[in-house]
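Position 56 (the sequence shown) corresponds to 75 in the numbering used here; numbering is contiguous.
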Amino acid sequence: MSKNYKNCGRKPNQRMKAYLLLQYLLRNTDDEHAIPMADLETYLQDVCGIDAERRSIYKDIHEINIANLMLDETPYSEAEEALAEDEDLALIRYNNSKKNSGYYICDQRRSLSFEDARLLSECVYAARFIPQKDKKHFIELISESLSEHQAARLDHDVVLLDAQSTINSYSLRNIDKIKEALSGKGCKIQFQYLKHELQNAKPKLTERRGGASYVVSPYAMMIENGNYYLRAIDEHSKSKKMKMYRIDRMRKIKLSQETRTETKDSKSLDMRNYARRVFFMFEGTSERVTIRFVNSSLDAAVDRFGVEDVIYSQIDDTHFTITATVDVSEAFYGWLCGFGRKAKILSPSWVAKGFSAHIQKIAEMYQS
């Protein structure tokens with residue numbers, strides 16, 4: 020015989036009332052959007068089919084605010100006392116303004132504020148090693164911490180130029196595989212390495228070395244210019260030289276049973292220092308270089324070289340110099356070209372002469 024729930028004290032879904040109320044407020048309210056009590060009653064009764072008297076909703080809101088504080092392992096009595104003393108601790112608050120009166124979720128009490136979510140979203144969009152479809156998935160996950168109004172703003176606000184994403188759908192799995200190889204004592208890995216080739220007037224990713232596997236001893240990962248790189252020893256080179264590999268251009272990564280090779284360079288590896296001295300991941304001869312800049316280029320110099328192990332000197336009213344360790348390469352010369360007459364290599368002379376020869380070769384291309 021079926022029960023007549025209408026005449027009973029509680030309907031079968033009555034216990035879910037507080038949870039449904041919280042989720043409804045999380046998705047539909049924020050500091051700028053509140054919902055009146057009457058609308059909360061309507062939602063619970065008409066949409067959820069739950070008996071909802073105002074007094075019981077008030078109690079649910081109070082209990083939710085206490086439970087939110089108890090997530091930090093605060094006992095019930097202490098959470099209740101803290102809430103009574105400081106209303107700013109409440110997750111659900113009441114806005115009594117005429118234009119937007121009602122209950123809402125306080126932005127600063129969410130797991131992510133809108134500002135936090137926007138920053139994370141920008142990082143996701145800027146990461147070239149994340150495939151486009153995965154970016155959309157991550158943005159959706161971030162948006163789940165916001166109200167629908169904020170999620171719509173997030174999608175509209177975040178605009179990023181020059182964020183070409185990898186087309187390698189395995190790039191995120193590659194990162195997990197490499198982290199596994201780096202754990203413990205570390206082991207060697209093998210993989211196919213890809214490059215772009217023009218096929219029918221379109222760039223296509225193809226295997227280097229005809230598809231033969233690369234074998235390396237991995238040591239560190241780093242992000243540069245939105246791309247993820249692996250610093251590893253090339254096991255095919257006689258000198259066991261350390262090289263950089265684009266992780267999103269790896270495929271079919273396999274972990275080896277062999278422990279990774281150790282060298283003098285791997286033991287003294289300092290990725291923070293390495294990142295400061297290389298340009299666009301092109302390695303060269305490491306050298307202490309002094310460059311003169313015009314004062315307006317100071318921001319660019321600090322952004323590139325930082326302040327650690329770098330000497331800055333004001334040499335006159337319009338110029339300063341920096342002395343920093345760099346990997347001298349064509350990539351370094353190319354970066355310096357962007358300053359035009361606003362930068363000049365002062366020492367050592369072989370680096371200055373190399374830069375002069377570099378720009379001379381470029382000029383010769385346009386003289387014929």
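For every residue, glycine included, the Cβ atom is placed at its ideal position computed from N, Cα and C. The structure presented is a predicted model; accordingly, all values stated were derived computationally and were not measured.
Fewer than three beta-carbon pairs drawn from the region 143 to 163 and the region 78 to 93 are found closer than 8 Å, and the two stretches are therefore not classed as touching.
The closest CA to that of S366, considering only I341, A382, I381, is found on I341. H52 sits in a strand when the DSSP states are folded into three classes.
In this structure, the alpha-carbon of L355 lies about 52 Å from that of D107. Membership of A98 in the alpha helix (DSSP H) is indicated by the continuous run 95 to 104. In the DSSP assignment, R73 falls outside any beta strand (DSSP E) and within the unbroken alpha helix (DSSP H) covering 73 to 89. Judged by DSSP secondary structure, N193 falls outside any beta strand (DSSP E) and instead within the alpha helix (DSSP H) spanning 190 to 201.
Put simply, the backbone Cα of A200 is about 53 Å away from that of I69.
Here R296 carries a helix assignment [DSSP, helix/strand/coil]. R311 carries a strand assignment under DSSP once its states are collapsed to helix, strand and coil. In this structure, the beta-carbon distance from E216 to V234 does not fall below 8 Å. Where I161 is concerned, the enclosing alpha helix (DSSP H) starts and stops at 151 to 162. Less than 8 Å divides the Cβ of L317 from the Cβ of F339. Going by beta carbons, H52 and S166 fall inside the 8 Å limit. Distance from A251 to S236 at the Cβ level is roughly 6 Å; contact confirmed, criterion being Cβ atoms closer than 8 Å. Here DSSP, grouped into helix, strand and coil, assigns I266 to helix. In the DSSP assignment, the residues bridged to P237 are A251.
The region 267 to 280 makes no contact with the region 299 to 311: fewer than 3 CB pairs, one atom from each, lie closer than 8 Å. Put simply, the backbone Cα of K36 is about 10 Å away from that of Y43.
Under the three-state reduction of DSSP output, Q218 falls in the strand class.
Below 8 Å, enough C-beta pairs join the region 52 to 62 and the region 119 to 127 to call them touching: three or more. Cβ contact annotation for E134 (same chain, cutoff 8 Å, sequence separation greater than five): none. When secondary structure is reduced to three states using DSSP, R129 falls in the coil class, being assigned neither helix nor strand.
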